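Report on one structure; see the data block that follows.
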Ligand SMILES: Cc1cc2nc3c(=O)[nH]c(=O)nc-3n(C[C@H](O)[C@H](O)[C@H](O)COP(=O)(O)OP(=O)(O)OC[C@H]3O[C@@H](n4cnc5c(N)ncnc54)[C@H](O)[C@@H]3O)c2cc1C
């Protein structure tokens, strides 16, 4: 069975490409080969099942690794065009205040179904449980080698994703399809991932979510900052604000040079003076012990942990016994709770892979693999990773579009 185009990997980029190509197929044979029993397993998990499919603020500055590839992709297939595309396949979009875009139904399944059904309606074959193990050049065409069969194809799109989230199909193996043929791969490391810290005090507040500012300091210098929800866990910190800055930690983790500290501001909207005067006022409350000094200002357990970190103890003391120096220590801890970072939760907890097939291997106007005529690559397999907020899926859609247009041009 020979194909005009084989798409390797039925994830976000692969399925979008299936639709782009299917719309212009005009009788040509196109297949998606997917190693899993179903396509789009990771897509189903995006945005906690709601699929943050793009971000109206997306520009190249939201990307790392090779942002120029993201720039090339997004300037050809923009966020607006992406939203029109999804509307055209039956997914109406809702834009949130922060720029994040979701399907109106807030169901990742709606995005996956629309892509899959549209691709199938256009005649694209979706072949699951078929892992591609190698690509072999045969004259001007390609032989796509799978575990138990091979398929000849005139053109091939590699959209095998990255190594993040192995439980959802992520694997470092897919890169080999291109590295075995001489392509350079930039070192892989996890991004948008939970952060491990020294846990002495954090464990006491595990499961509690707070709105805080997280500042990462490497050797004292501010390396990244984000404000939003922080979740305390038994290994350290999670939640959107932490995931947003986590790339710095993962990059540090593979080099382990210097030290990195996460500083939490538990009341980012309050300045030191306001907090100082409010705690002074609380220290005058009759009949209260330190146990409840911060209750109502912070989550009760977080407040008690702050006092332990600040070494203002025992909690059974009357609040009236607080000294000015102790109040200053409490304020300092609330505004700058320092947690030495020990690493990340690795690819297992990560949403995205930093690193991948080097930008030098890719022609940015076509996403063709320069050294392999007839082979293209799109999505997370490339050395492009975006921030948290819909940017990674946007790169998947845009890069798939650019590669598809080039494939159509060369039918
Ligand atoms: C929990 C979670 C939540 C996320 N939420 C968001 C979000 O809300 N917004 C956002 O923008 N991004 C999000 N991401 C990131 C986003 O899902 C990915 O960046 C995106 O799916 C990448 O698309 P892709 O097509 O390159 O890879 P994938 O979607 O991973 O697809 C690759 C496909 O290729 C298949 N495959 C791999 N190797 C082979 C092979 N050898 N042969 C055949 N098939 C193969 C895989 O099984 C997979 O189906 C999230 C990621 C995770 C893990």
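Numbering (this note's numbering), first residue to last: 39 to 449. Glycine residues also receive a C-beta, built at the ideal position from the N, C-alpha and C atoms. Since we're looking at a predicted model, the values are computed, not measured.
**Message:** Going by the DSSP bridge assignment, what does residue 234 pair with across the sheet?
**Reply:** 274 and 381
**Request:** Could you check the C-alpha separation between residue 372 and residue 86 for me, to the nearest Å?
**Result:** Residue 372 and residue 86: Cα-Cα distance of roughly 30 Å.
**Message:** Looking at the strands, I want to know which residues DSSP matches up with residue 227.
**Reply:** 392
**Item:** Exposure label - residue 166; buried when at least 16 CB within 10 Å
**Value:** exposed
**Prompt:** Can you tell which of 379, 322, 449 and 311 has its C-alpha closest to the C-alpha of residue 289?
**Reply:** Nearest neighbour of residue 289 by Cα position, chosen from 379, 322, 449 and 311, turns out to be 379.
**Prompt:** Is the CB-CB distance between residue 445 and residue 216 below 9 Å?
**Reply:** no
**Residue of 94, 168 and 171 minimising C-alpha distance to residue 140** = 94
**Request:** Give a yes or no on whether the C-beta atoms belonging to residue 337 and residue 248 are separated by under 9 Å.
**Result:** yes
**Request:** Count the other C-beta atoms from every protein chain shown that fall within 10 angstroms of the C-beta of residue 39, then say buried if there are 16 or more, exposed otherwise.
**Result:** exposed
**Request:** With distances taken Cα to Cα, identify the nearest neighbour of residue 280 among 273, 266 and 292.
**Result:** 266
**Prompt:** Buried or exposed: where does residue 80 fall if 16 or more other Cβ atoms within 10 Å of its Cβ makes it buried?
**Reply:** buried
**Request:** Can you give me the start and stop residues for the alpha helix (DSSP H) that residue 369 sits inside?
**Result:** 362–373
**Prompt:** Which residues share a DSSP beta bridge with residue 327?
**Reply:** 356
**Prompt:** For residue 397 versus residue 51, is the C-beta distance shorter than 9 Å?
**Reply:** Not closer than 9 Å, so no.
**Given residue 184 as reference, the closest of 138, 45 and 335 once Cα atoms are compared** = 45
**Request:** Report yes if the CB atom of residue 233 is closer than 9 Å to the CB atom of residue 74, and no otherwise.
**Result:** no
**Message:** Spatial neighbours of residue 346 within its chain, please: C-beta separation below 7 Å, excluding the five flanking residues on both sides.
**Reply:** 239
**One or two residues paired with residue 173 in a DSSP bridge** = 182
**Message:** Quick check on this structure: which residue in 143, 376 and 125 has the alpha carbon closest to the alpha carbon of residue 255?
**Reply:** 376
**Item:** Cβ neighbours of residue 442 in the same chain (closer than 7 Å, five flanking residues each side left out)
**Value:** Same-chain partners within the cutoff: 55, 58 and 59.
**Prompt:** When the Cα of residue 335 is compared with those of 364, 153 and 316, which residue comes out closest?
**Reply:** 316
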